[in-house]
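Residue numbers (the UniProt record's numbering): 1 to 349.
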């Protein structure tokens, strides 16, 4: 990170206006592309403590590819501690954070990173992040994890244990929705050896959030993505040709159906309308969300759709990159042969 501003966080602290390299073309800016309110549908919110919730999970996966879950069994104090250590890490001095900087050129693909690098379209997006493997133990390199703040490791491991259980539960519901044995999908995606990847995203205050994006439109290359949102309204999801704002639900987790499940369905011969993820089209990698309002953050967008491996996705009428290209950006060591679950934490301040 050899620039004068080495992270988006540094840049945000010194700006009054957005630099040109962050400004999206007008046809991609949130004001031009967001469904204009009114009767916009909400992404499903599913109470996992209620009878029949499994059928609702399967229906939400089929119709939206993204949904929120409440009463999911992940204790609120565990989530709050994860958010606390994430914010504490980003509050460290720059020099301390850079001790853990990613260096893909040397093979170091876990650690602290920034979106100051230009994306494939020559634009930059508005976030910094910390990325590492969190499970199973044989895949974890604790040397890549920050030693400060105290409690970082314990918070991440505690959260992961709960989400491993939640992922098995959700995959069970999806299996039953496909007419399979309850454990079929969990076993297909690695069982107890499924890799869990943690990415803590920071979206600093943005001087002109209406002009940029925190994350460009994307799909996820994972089996599932489980996202901890923050309290600032702004999640967006692409469905039926439109970007929709999704409401913030306190204590909810957001679940995004990933490309690995789409691939598995094709291998099983589930095609067209029979697939539970048929309909929308998308582009690249974590859950779509947008931070704006008082926090002044930039929207983050994901297209949780399907058909994305059957034909190129379209976003605002333009063809988007395929999954193999995007994998090189997001996690170079993960490919279609690796079954994994992405855990994302969304922070702003």
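We put the beta carbon where it would ideally sit given N, CA and C, even for glycine.
Neighbour flag for residue i against chain C, beta carbons, 7 Å
i          : result
residue 26 : In the structure shown, chain C cannot be found, because there is only a single protein chain.
Where the alpha helix (DSSP H) through residue i begins and ends
i           : result
residue 33  : 30 to 33
residue 214 : That residue, residue 214, is in no alpha helix (DSSP H); its beta strand (DSSP E) goes 213 to 215.
residue 66  : First-last for residue 66: 66 to 70, but that is the beta strand (DSSP E), not the alpha helix (DSSP H).
residue 63  : 53 to 63
residue 10  : 8 to 12
residue 350 : Residue coverage of the chain in this structure runs from 1 to 349, which leaves residue 350 outside it and unanswerable.
residue 186 : 184 to 188
Residue i, enclosing beta strand (DSSP E) - first and last residue
i           : result
residue 193 : Premise fails: residue 193 is in no beta strand (DSSP E) and is neither H nor E.
residue 350 : The structure shown does not extend to residue 350, since the chain is modelled only from 1 through 349, so no value can be given for it.
residue 175 : No beta strand (DSSP E) holds residue 175; the alpha helix (DSSP H) holding it covers 152 to 177.
residue 97  : Unbroken run through residue 97 is the alpha helix (DSSP H), 94 to 98; no beta strand (DSSP E).
residue 346 : 340 to 348
residue 135 : 128 to 135
residue 47  : 45 to 47
Residue i classed as buried or exposed, judged by whether at least 16 other C-beta atoms fall within 10 angstroms
i           : result
residue 154 : exposed
residue 183 : exposed
residue 290 : In this prediction, residue 290 scores a pLDDT of 26, lower than 50, which makes its location untrustworthy; the coordinate-derived value is nonetheless stated afterwards. Answer is buried; the Cβ neighbour count reaches 16.
residue 186 : buried
residue 177 : buried
residue 246 : buried
residue 28  : buried
residue 71  : exposed
residue 113 : buried
residue 43  : buried
residue 80  : exposed
residue 103 : exposed
residue 13  : exposed
residue 193 : exposed
residue 17  : exposed
residue 49  : exposed
residue 167 : buried
residue 175 : buried
residue 99  : exposed
Other residues of its chain near residue i: CB distance less than 6 Å, five sequence neighbours each side excluded
i           : result
residue 31  : 210
residue 47  : 70 and 71
residue 56  : 46
residue 143 : none
residue 128 : 7, 8, 9, 114 and 202
residue 66  : 43, 237, 256 and 304
Cβ shell of residue i (< 8 Å), same chain only, five flanking positions each side left out
i           : result
residue 165 : 73
residue 195 : 133, 135, 136, 139, 334, 338, 339, 340 and 341
residue 347 : 83, 86, 87, 90, 200, 201, 202, 203 and 230
residue 75  : 162
residue 160 : 134, 135, 196, 198 and 343
residue 52  : none
Cutoff 7 Å; reference residue i; Cβ partners in own chain excluding five residues on either side
i           : result
residue 145 : 132, 152 and 153
residue 172 : 182, 183 and 186
residue 63  : none
residue 252 : 45, 68, 69 and 70
residue 78  : 158, 159 and 162
residue 96  : 148
residue 15  : 207
residue 156 : 82, 134 and 198
Identity of the residues DSSP links to residue i by a beta bridge
i           : result
residue 108 : 103
residue 239 : 242
residue 206 : The partner list for residue 206 (beta bridge, DSSP) is empty, contrary to what the question assumes.
residue 220 : Paired residues: none, contrary to the question.
residue 227 : 254 and 344
residue 113 : 129
residue 200 : 130 and 345
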